[in-house]
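Peer 1:
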Amino acid sequence: MGELLWINGTCHSPEEAYCSCLDRGLLYGDGLFETMRVYGGTIFRLEAHLRRMAQGAQVLHIQLSLSHQELRHAVQTAVARSGLDSAYVRLMITRGVGGRPSELEAGSASVMIWVRGFGGYPEELYQQGMRTILAATRRNEHSPLARIKSLNYLDNLLAGAEARRAGADEAILLNTTGMLAEASASNLFIVNNGRLLTPAVRAGLLPGITRACVIELAATEGIDLSQEPLSLEQLTEADEAFLTNTLMEIMPLTRFAGQPIGAGYIGPLTKQMTRAYRTLVAAETSGTGFPTLHEE
Ligand SMILES: Cc1ncc(COP(=O)(O)O)c(C=O)c1O
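Reading the sequence shown from the start, the letters are residues 3 to 298 in our numbering.
1) Go ahead and label residue 262 buried or exposed: buried means 16 or more other beta carbons lie within 10 angstroms of its beta carbon, across all protein chains shown.
2) Examine ligand 1 and report whether any of its heavy atoms sits within less than 7 Å of the Cβ of residue 246.
3) Mind checking who residue 262 pairs with in its DSSP beta bridge?
4) Less than 7 Å between the CB of residue 188 and some heavy atom of ligand 1, yes or no?
5) For residue 215, which three-state DSSP category applies?
6) Identify the continuous beta strand (DSSP E) that holds residue 194 and give its terminal residues.
7) Work out the CA separation of residue 30 and residue 154 for me, nearest whole Å.
8) Considering just the uninterrupted stretch of the alpha helix (DSSP H) at residue 158, what are its terminal residues?
9) Please determine if the segment 191–205 and the segment 62–82 are in contact, where contact requires at least 3 C-beta pairs separated by less than 8 Å.
10) Whole beta strand (DSSP E) runs in the segment 96–164 with 3 or more residues, listed along the chain?
11) Express the C-alpha separation of residue 13 and residue 111 in angstroms, rounding to a whole number.
12) Rounded to the nearest angstrom, how far is the Cβ of residue 89 from that of residue 118, given a contact under 8 Å?
13) Residues in the same chain with beta-carbon distance under 7 Å from residue 297, minus the five sequence neighbours each way, listed in chain order, please.
14) Does the Cβ of residue 158 lie closer than 7 Å to at least one heavy atom of ligand 1?
15) Can we count residue 12 as close to ligand 1, meaning its CB is less than 7 Å from some heavy atom?
16) Which residues in the same chain have their Cβ closer than 6 Å to the Cβ of residue 242, if we skip the five residues on either side of it in sequence?
17) So, are the CB atoms of residue 205 and residue 173 less than 8 Å apart?
18) Can you check DSSP and say which residues form a bridge with residue 177?
19) Going by DSSP in three states, residue 47 sits in which element: helix, strand or coil?
20) Should residue 63 go down as buried or exposed, given a rule of 16 or more other Cβ atoms within 10 Å for buried?
21) What does the alpha-carbon distance come out to for the pair residue 101 and residue 250?
22) Quick one, are the C-beta atoms of residue 275 and residue 203 less than 8 Å apart?
23) Residues in the same chain with beta-carbon distance under 8 Å from residue 222, minus the five sequence neighbours each way, listed in chain order, please.
24) Going by C-alpha distance, which of 238, 234, 244 is nearest residue 212?
25) So for residue 57, helix, strand or coil by DSSP?
26) Return yes when the C-beta of residue 73 is under 7 Å from any heavy atom of ligand 1, and no when it is not.
27) Quick check on this structure: which residue in 107, 133, 197 has the alpha carbon closest to the alpha carbon of residue 167?
28) When the Cα of residue 236 is compared with those of 49, 8, 199, 95, which residue comes out closest?
29) With 16 as the cutoff for other CB atoms within 10 Å, does residue 306 come out buried or exposed?
30) What residue does the beta strand (DSSP E) around residue 3 start on, and which one ends it?
31) For residue 252, list the residues DSSP reports as bridge partners.
32) Exposed or buried, what is residue 254 when buried is set at 16 or more other beta-carbons lying within 10 Å of its beta-carbon?
Next comes the structure, spelled out in structure tokens:
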């Protein structure tokens, strides 16, 4: 069938997929989403995504209309119906229609799953690495929304747009104390003297599924990793840096505000983690067709 939307149990083509104008997801951004990636027909780390969504639903007091098993089955069904081997999956839940704005018990939660073909970012980007800037927007580590993937995504989109206006690919966000939090749509890692450093979740960041994989892999690769408060200077003076998210996996971060990070190209630890991540994905899915990681 190709690209489709699964809405509350029924599959639709994108042209015929609609939801109510009164859905609280639209009225207030009152909902959550998860972005997942399909390799060789298998959804990578589906359970971790469902767990993060369940934690977000607890924070927002959204009563899911489907059990964990039903939700898992719905996502798998939508992917199977699409027939797509390599895909992007966006699972969305909203509080549904009804109730006054602060009446959180109102409405009947709605579930939507969007599946469309996705084969990865252009390989050149992995060779050059991303250029980043500092966003004017700050991450508010005191907001419950900082650590969940809510439909209120405009802080991120505005920061991403700032990056694009400045001719960069991603924007780095500080939190309200002026320490590093994350990027507009990815988590941040830096390399210092052979150690991997990343801000802790309490800095006000989304606990990324890819970030969790990197933390796991650092242990198996024997790399020292620490989650700690990081300053902007630690990024600009880092030996290497990289960004992580489900769709782009591990992306070298080679420039910040027009200046190179380290030598300004993909470093050895970034390469090692990229290789380890791709091996992990291949082991957990039947995904093939990764671009090869070119050696200098
Ligand atoms: C703000 C933000 N941080 C981090 C991430 C990375 O999360 P994950 O690795 O689960 O894709 C994302 C993903 O879109 C994001 O939007």
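Glycine included, every Cβ here is placed at the ideal spot set by N, Cα and C.
As the structure is a computational prediction, the values presented were derived from the model and not from experiment.
Peer 2: With the structure as the only source:
1) Taking the first residue of the sequence shown as position 1, residue 262 is located at position 260. Residue 262 comes out exposed.
2) Locating residue 246 in the sequence shown gives position 244, where the first residue counts as 1. Yes, the beta carbon of residue 246 sits closer than 7 Å to at least one heavy atom of ligand 1.
3) Taking the first residue of the sequence shown as position 1, residue 262 is located at position 260. Residue 262 is bridged to 257.
4) Translated into the one-based positions of the sequence shown, residue 188 becomes position 186. Checking every heavy atom of ligand 1 against the Cβ of residue 188, one is found closer than 7 Å.
5) As a position in the sequence shown, residue 215 is number 213, starting the count at 1. The answer is helix: DSSP assigns residue 215 an H, G or I state.
6) By one-based count along the sequence shown, residue 194 stands at place 192. 189–194 is the span of the beta strand (DSSP E), which, as asked, contains residue 194.
7) Within the sequence shown, the letter at position 152 stands for residue 154. Within the sequence shown, the letter at position 28 stands for residue 30. When rounded, the distance between both Cα atoms is 8 Å.
8) Position 156 of the sequence shown, counted from the start, is the residue given in the question as residue 158. Start and end: 156–167.
9) no
10) 112–119, 132–136
11) The residue labelled residue 111 in the question sits at position 109 within the sequence shown. The residue labelled residue 13 in the question sits at position 11 within the sequence shown. So the alpha carbons of these two residues sit roughly 18 Å apart.
12) For the purposes of this step, residue 89 is taken as the residue at position 87 of the sequence shown. For the purposes of this step, residue 118 is taken as the residue at position 116 of the sequence shown. Correct: roughly 6 Å between the Cβ atoms.
13) For this step, residue 297 is matched to residue 295 along the sequence shown. Below a pLDDT of 50, predicted positions are generally treated as unreliable, and residue 297, at 38, falls in that range; the measurement from the model is reported next regardless. No residues qualify anywhere along the chain.
14) What you label residue 158 is simply residue 156 of the sequence shown in a count that begins at 1. At least one heavy atom of ligand 1 is nearer than 7 Å to the Cβ of residue 158, so yes.
15) Translated into positions along the sequence shown, residue 12 becomes position 10. Residue 12: no, Cβ never under 7 Å from ligand 1.
16) Here residue 242 refers to the residue found at position 240 when the sequence shown is read from its first residue. Hits under 6 Å: 193, 264, 269, 271, 272.
17) To locate residue 205, count along the sequence shown from 1; it is residue 203. To locate residue 173, count along the sequence shown from 1; it is residue 171. Going by C-beta atoms, residue 205 is not nearer than 8 Å to residue 173.
18) For this step, residue 177 is matched to residue 175 along the sequence shown. Residue 177 is bridged to 141.
19) For this step, residue 47 is matched to residue 45 along the sequence shown. Looking at residue 47 - three-state DSSP - the assignment turns out to be coil, as it is neither helix nor strand.
20) Here residue 63 refers to the residue found at position 61 when the sequence shown is read from its first residue. It counts as exposed.
21) In the sequence shown, the residue the question calls residue 101 occupies position 99. In the sequence shown, the residue the question calls residue 250 occupies position 248. Cα-Cα distance, rounded: 38 Å.
22) Position 273 of the sequence shown, counting from 1, holds the residue named residue 275. Position 201 of the sequence shown, counting from 1, holds the residue named residue 203. Taking 8 Å as the Cβ cut-off, residue 275 and residue 203 do not qualify as a contacting pair.
23) Reading the sequence shown from its first residue, position 220 is the one you call residue 222. Within the same chain, residue 222 has close Cβ partners 278.
24) Counting from one through the sequence shown, the residue named residue 212 turns up at place 210. Checking every option, the nearest Cα to that of residue 212 belongs to 244.
25) Residue 57 sits at position 55 when you count from the first residue of the sequence shown. Looking at residue 57 - three-state DSSP - the assignment turns out to be helix.
26) For the purposes of this step, residue 73 is taken as residue 71 along the sequence shown, with counting starting at 1. No, since every heavy atom of ligand 1 falls outside the 7 Å radius drawn around the Cβ of residue 73.
27) On the sequence shown, residue 167 is found 165 positions in, with the first residue counted as 1. Nearest option by C-alpha distance: 133.
28) Along the sequence shown, one-based indexing puts residue 236 at 234. Comparing Cα positions, the closest option is 199.
29) The displayed coordinates of the chain run from 3 to 298. Any statement about residue 306 would go beyond what the structure contains.
30) Counting from one through the sequence shown, the residue named residue 3 turns up at place 1. Run containing residue 3: none; DSSP gives neither H nor E here.
31) Position 250 of the sequence shown, counted from the start, is the residue given in the question as residue 252. Answer is 246.
32) Here residue 254 refers to the residue found at position 252 when the sequence shown is read from its first residue. Burial call: buried.
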